[in-house]
Amino acid sequence: MNIEDVSDSGQNDRIVVLFPQGEDMAKAKGAKAADQREAQRVPPRRGKKSRSDIAAQPVLTDTNRSRDGLLLVAAELFASHGYAAVSTTMIAKAAGLTQSMVHYYFGSKEALWKAAVDHIVERRGIVFGTVPHDLKDIDAVSRLKILVRRLFRANLQNPQFTRIILHEAVTISPRLEWLLDRHLMRGFDVIGIMLADALKDKTIKDLPFHNVSAIITAVAATVVSQGNVTHTTKGIDLNSEENADSLEDSIIEILFNGLCESRKRPEII
């Protein structure tokens with residue numbers, strides 16, 4: 259199976275996010291520029307515009323938007339505190355609504371959690387099924403690099419999804435199984451296909467796919483989650499355009515070329 263088979267696999271009901279679209283397309287300019295740099299080897303353009311999370315807790319005044327407002331607030335609270343620590347009362351209060359409105363729209367906290375995750379994913383971006391059409395004329399390693407860049411940008415611009423995953427990954431639970439089945443497995447499958455194509459071309463080392471996939475996804479997620487630490491300890495805002503570009507380039511360099519200079523690279527033991 260090659261990467262072009264993904265779009266015809268009949269699994270397009272699963273949404274796997276790479277970078278934002280719709281109302282967030284303006285934010286995706288950095289990701290698209292990164293794709294073009296990787297494919298065409300064009301030096302990056304640096305900007306001064308800062309990014310901010312889209313899931314800031316809104317003050318709701320329009321009752322027609324109450325449901326979407328609840329989803330945004332719930333997503334931010336679940337991402338910040340985890341499922342167990344968040345109550346429907348807390349969500350309703352943060353959204354400026356009554357608890358009965360939460361139950362009216364969603365019925366239960368679990369249903370609200372699932373709807374909030376789906377909402378995050380919908381706002382984050384495009385389905386993986388479109389990736390083969392974007393990248394079909396690019397070599398296998400460049401496809402992998404673009405995939406890593408897109409994952410990083412999606413996580414940087416919309417960190418709630420990865421934070422929720424980190425909370426849920428601590429223990430095996432029905433919520434983790436739901437996340438895997440609905441939103442994550444398709445992405446792992448596509449990464450595996452990309453790795454298989456690169457291995458077939460003999461452009462990457464023959465390492466276990468599950469190890470490489472875990473490292474790629476973990477780096478793209480956990481580096482972003484360290485943003486507050488980096489800002490507090492180093493005074494560096496990872497959300498700024500320049501720092502985001504620099505961090506993205508460093509991730510690609512270390513993942514694909516290693517940290518040590520080639521002449522000084524030690525043997526792996």
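If you use the numbering used here, the sequence shown closes out at 527, no skipped numbers anywhere.
Note that CB positions come from ideal geometry on N, CA and C, so glycine has one too.
The structure displayed is predicted, hence computed values, not measured ones.
Inset, instruction - Would you mind working out which of Ile462, Ile449 and Leu442 sits nearest Arg612, comparing C-alpha positions? - result: Since the first residue shown for the chain is 259 and the last is 527, residue 612 is missing from the structure and cannot be characterised.
Inset, instruction - Let me know the alpha helix (DSSP H) ranges lying completely inside the segment 327-360, each 4 residues or longer, listed in chain order. - result: 346-353
Inset, instruction - Measure the CB-CB distance between Leu330 and His377 and report whether it falls below 9 Å. - result: yes
Legend entry - Coil, strand or helix - Ser471 by DSSP: helix
Inset, instruction - Assuming Val482 contacts Asn413 (C-beta within less than 8 Å), just tell me the rounded distance between them. - result: 4 Å
Inset, instruction - Identify whether Ser483 lies in helix, strand or coil by the three-state DSSP scheme. - result: helix
Legend entry - Selection from Asp464, Arg411 and Ala374 that minimises the alpha carbon distance to Arg433: Ala374
Inset, instruction - Whole angstroms is fine: what's the gap from Asn515's alpha carbon to Asp455's? - result: 19 Å
Inset, instruction - Could you pull out every residue in the same chain whose Cβ sits closer than 7 Å to the Cβ of Ala289, ignoring the five residues on either side in sequence? - result: Interpretation of Ala289 is limited by its pLDDT of 41, a score under 50 that renders its predicted location unreliable; the figure taken from the coordinates is listed afterwards. Phe277, Arg407, Arg408 and Arg411, listed in sequence order.
Legend entry - Contact under 9 Å by Cβ, Ala332 with Leu370: yes
Inset, instruction - Could you check what DSSP says for Glu366 in three-state terms: helix, strand or coil? - result: Contrary to the premise, residue 366 reads as Ser rather than Glu in this sequence. Coil at Ser366, not helix or strand.
Inset, instruction - Locate the alpha helix (DSSP H) running through Asn413, then write down its first and last residues. - result: Ala398 to Gln415
Legend entry - Beta-carbon spacing of Ile462, Leu402 below 9 Å: yes
Legend entry - Touch test, the segment 421-437 against the segment 348-355, Cβ-Cβ under 8 Å, three pairs minimum: no
Inset, instruction - Assign Asp263 to one of three DSSP states: helix, strand, or coil. - result: Because the pLDDT of Asp263 is 36, which lies under 50, any placement of that residue in the model is unreliable, and the number read from its coordinates should be weighed accordingly. In the structure shown, Asp263 sits in a helix (DSSP, three-state: H, G or I).
Legend entry - Counterpart residues of Ser504 in DSSP-defined beta bridges: Answer is none; Ser504 lacks a bridge partner.
Inset, instruction - Provide the residue span of the alpha helix (DSSP H) that contains Pro466, from first to last. - result: First-last for Pro466: undefined, no H or E at that position.
Inset, instruction - May I ask you to report which of helix, strand or coil DSSP gives Ser324? - result: helix
Inset, instruction - Can you grab the Cα-Cα spacing for the pair Met452 / Lys492, in whole Å? - result: 35 Å
Inset, instruction - Please go through the same chain and pick out, in chain order, the residues whose beta-carbon is closer than 6 Å to the beta-carbon of Thr388, but skip the five residues on each side of it. - result: With a pLDDT of only 47 at Thr388, under 50, the local geometry of the prediction cannot be trusted, and the value read off the model is given with reservation. No residues qualify anywhere along the chain.
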